[in-house]
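Novice:
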Amino acid sequence: MVNPSGAGLKPDPADLLCWYDRHRRRLPWRALPGETPDPYRVWLSEIMLQQTTVAAVAPYFARFLERFPGVEALAEAPSEAVMGAWAGLGYYSRARNLHACAKAVVERHGGRFPASEEALRALPGIGDYTAAAVAAIAFQIPAAPVDGNIERVMSRVFTVEEALPKAKPVIKGHVAGLVPPDRPGDFAQALMDLGATICTPKRPACALCPWMTPCRARAEGLQETFPRKAPKREGELRRGAAFVALRNDGAVLLRTREPKGLLGGMAEVPTSAWEADYDVGKAVLDAPLDARWQRLPGHVRHVFTHFPLELTVYFARVPAATPPPEGMRWTPRAGLADEPLPNAMRKVLSHALDVPAAAPARKGRKAAPPDEAEPA
DNA sequence: AATCCGTGGCA
DNA sequence: TTGCCAAGGAT
Numbered sequence: 038m039v040n041p042s043g044a045g046l047k048p049d050p051a052d053l054l055c056w057y058d059r060h061r062r063r064l065p066w067r068a069l070p071g072e073t074p075d076p077y078r079v080w081l082s083e084i085m086l087q088q089t090t091v092a093a094v095a096p097y098f099a100r101f102l103e104r105f106p107g108v109e110a111l112a113e114a115p116s117e118a119v120m121g122a123w124a125g126l127g128y129y130s131r132a133r134n135l136h137a138c139a140k141a142v143v144e145r146h147g148g149r150f151p152a153s154e155e156a157l158r159a160l161p162g163i164g165d166y167t168a169a170a171v172a173a174i175a176f177q178i179p180a181a182p183v184d185g186n187i188e189r190v191m192s193r194v195f196t197v198e199e200a201l202p203k204a205k206p207v208i209k210g211h212v213a214g215l216v217p218p219d220r221p222g223d224f225a226q227a228l229m230d231l232g233a234t235i236c237t238p239k240r241p242a243c244a245l246c247p248w249m250t251p252c253r254a255r256a257e258g259l260q261e262t263f264p265r266k267a268p269k270r271e272g273e274l275r276r277g278a279a280f281v282a283l284r285n286d287g288a289v290l291l292r293t294r295e296p297k298g299l300l301g302g303m304a305e306v307p308t309s310a311w312e313a314d315y316d317v318g319k320a321v322l323d324a325p326l327d328a329r330w331q332r333l334p335g336h337v338r339h340v341f342t343h344f345p346l347e348l349t350v351y352f353a354r355v356p357a358a359t360p361p362p363e364g365m366r367w368t369p370r371a372g373l374a375d376e377p378l379p380n381a382m383r384k385v386l387s388h389a390l391d392v393p394a395a396a397p398a399r400k401g402r403k404a405a406p407p408d409e410a411e412p413a
């Protein structure tokens with residue numbers, strides 16, 4: 038330890054790197070010590086990890102690497118293949134930007150990721166954090182990425198009283214002042230590992246922390262009160278109707294959502310608008326085609342980042358010869374797995390199509406719960 | 001600057 | 001159960 042007894046002294050990057058060399062996480066996208074990182078893998082993992090946990094990313098990362106081994110393969114792939122491979126991961130604008138970024142790297146940079154923070158920042162889907170992270174990890178540039186982990190670690194070590202997100206520049210300044218020129222990538226990853234495994238949001242394991250001594254929040258016993266955060270308001274419940282049309286040959290009626298906005302570019306069954314004051318009683322007026330629509334019991338609920346959604350599901354069987362309405366398509370049930378269906382829509386399809394059988398009717402509601410008595 | 005973007009896991 | 005949170009970016 039370089040800093041054995043110095044409570045109140047500056048945190049020493051060397052102490053953190055020493056800890057990292059012993060305790061770093063082994064992750065699929067990380068180069069082993071001594072290996073040269075692959076910028077494509079670093080970039081792909083950073084995009085996937087935006088607001089997404091390591092556990093959720095791992096299988097997607099492996100699948101992407103298999104289907105799109107390099108940036109050229111990804112750039113040449115059809116959009117549907119990319120969106121389909123991303124389906125379920127969430128934040129679908131990331132997938133659109135990922136594809137656009139791959140094309141830009143091929144066209145503007147000859148298929149090689151640019152080795153500067155500024156040039157990286159100019160690519161689609163790469164913001165301040167990702168530009169700094171890729172620069173530091175893939176190219177050993179002394180950049181200072183600041184993610185949620187690093188915000189937490191630094192706000193505690195320096196007792197940053199300013200609330201997020203206003204505190205971001207202050208925190209960035211603290212990090213930049215500590216970046217060791219010889220190991221910027223390891224330093225960034227060390228901070229993230231520390232935040233993920235030791236300096237956790239709740240009950241941080243301060244006794245195991247290489248920066249326990251210089252940590253000012255710890256010294257005051259206030260570590261769990263950082264980072265300060267501005268209060269956020271919650272979204273209002275929206276309702277709507279979803280229409281599952283099943284053709285007698287087994288095909289289901291689908292359409293593709295607008296390229297931008299909520300669930301942009303993803304597939305869905307036809308639905309009404311989703312509104313706070315939606316009148317389910319008049320839902321059949323919003324049906325995509327004429328049929329004997331049957332209202333299914335219960336609802337499908339889904340919570341987005343900024344509002345909860347409650348969909349009433351309608352079901353109808355139609356003749357095999359029924360043509361698709363304008364802008365829609367019939368997809369065979371076997372083909373549903375290949376459609377870029379977000380989870381909300383998978384819940385709807387499951388609600389309407391899954392055979393209830395003589396299921397054990399789980400308390401925890403796995404399928405179609407008649408979750409409301411619906412008093413007029 | 002504030003809002004809009006998914007999803008799953010975990011106390 | 002509910003709320004919080006996770007390697008943020010675009011507008």
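Residues in the first sequence are numbered consecutively from 38, following the working numbering. Don't be surprised by glycine CBs; every beta carbon is placed ideally from N, CA and C.
Per DSSP, VAL197 is paired with what?
Specialist: Looking at the DSSP assignment, VAL197 forms no beta bridge with any residue, so it has no partner.
Novice: Please list the segments of the alpha helix (DSSP H) lying wholly inside the stretch 215-256, counting only runs of 4 or more residues, in order along the chain.
Specialist: Segments of the alpha helix (DSSP H) lying fully in the stretch 215-256: 221-234.
Novice: In angstroms, rounded to a whole number, what distance separates the CA positions of LEU86 and ALA227?
Specialist: Take the alpha-carbon of LEU86 and the one of ALA227: they are about 16 angstroms apart.
Novice: How many Å lie between PRO362 and ASP327 at the Cα?
Specialist: If I take the Cα positions, the gap works out to 10 angstroms.
Novice: Where does TRP330 fall in DSSP's three states?
Specialist: coil
Novice: Counting along the chain, where does the alpha helix (DSSP H) carrying PHE280 start and finish?
Specialist: Segment 275-284 is the beta strand (DSSP E) holding PHE280; no alpha helix (DSSP H) there.
Novice: Measuring alpha carbon to alpha carbon, tell me which residue in GLY364, LYS384, ARG275, LEU290 is nearest PHE344.
Specialist: ARG275
Novice: Find out if the Cβ-Cβ distance for the pair TRP80, ILE163 is shorter than 9 angstroms.
Specialist: yes
Novice: Taking C-alpha atoms, which residue in THR237, VAL183, VAL119, LYS239 lies nearest to LEU215?
Specialist: VAL183
Novice: Which residue comes first and which comes last in the beta strand (DSSP E) that contains ARG338?
Specialist: 337-340
Novice: Closest to HIS388 by C-alpha separation, out of PRO356, GLU347, THR234, would be which residue?
Specialist: GLU347
Novice: Give me, in chain order, the residues of the same chain whose beta-carbon lies closer than 7 angstroms to that of PHE105; leave out the 5 immediate sequence neighbours on both sides.
Specialist: LEU111, ALA114
Novice: Does the stretch 251-265 come within contact of the stretch 301-313, defined as at least 3 CB pairs closer than 8 angstroms?
Specialist: Contact between the stretch 251-265 and the stretch 301-313 is absent: fewer than three C-beta pairs spanning the two stretches fall below 8 angstroms.
Novice: Short of 6 angstroms in beta carbon distance, which residues of its chain neighbour TYR315, apart from the five on each side in sequence? Order them along the chain.
Specialist: ARG276, GLY277
Novice: Could you say if the stretch 178-198 and the stretch 215-225 meet the contact criterion of at least three C-beta pairs nearer than 8 angstroms?
Specialist: yes
Novice: Can you grab the Cα-Cα spacing for the pair PRO356 / LEU373, in whole Å?
Specialist: 20 angstroms
Novice: Let me confirm a value: ALA319 is counted as buried when at least 16 other C-beta atoms fall within 10 Å, else exposed. Which label applies?
Specialist: First, the residue type needs correcting, since residue 319 is Lys and not Ala in the sequence shown. Exposed, since its Cβ has fewer than 16 Cβ neighbours within 10 Å.
Novice: Go ahead and pull the three-state DSSP assignment for TYR351.
Specialist: strand
Novice: Please list the terminal residues of the continuous beta strand (DSSP E) segment that includes MET303.
Specialist: Per DSSP, MET303 belongs to no beta strand (DSSP E) and is neither H nor E.
Novice: Rank PHE98, PHE280, PHE101, TYR77 by C-alpha distance to the C-alpha of VAL317 and give the top, closest one.
Specialist: When each option's Cα is compared against that of VAL317, the closest is PHE280.
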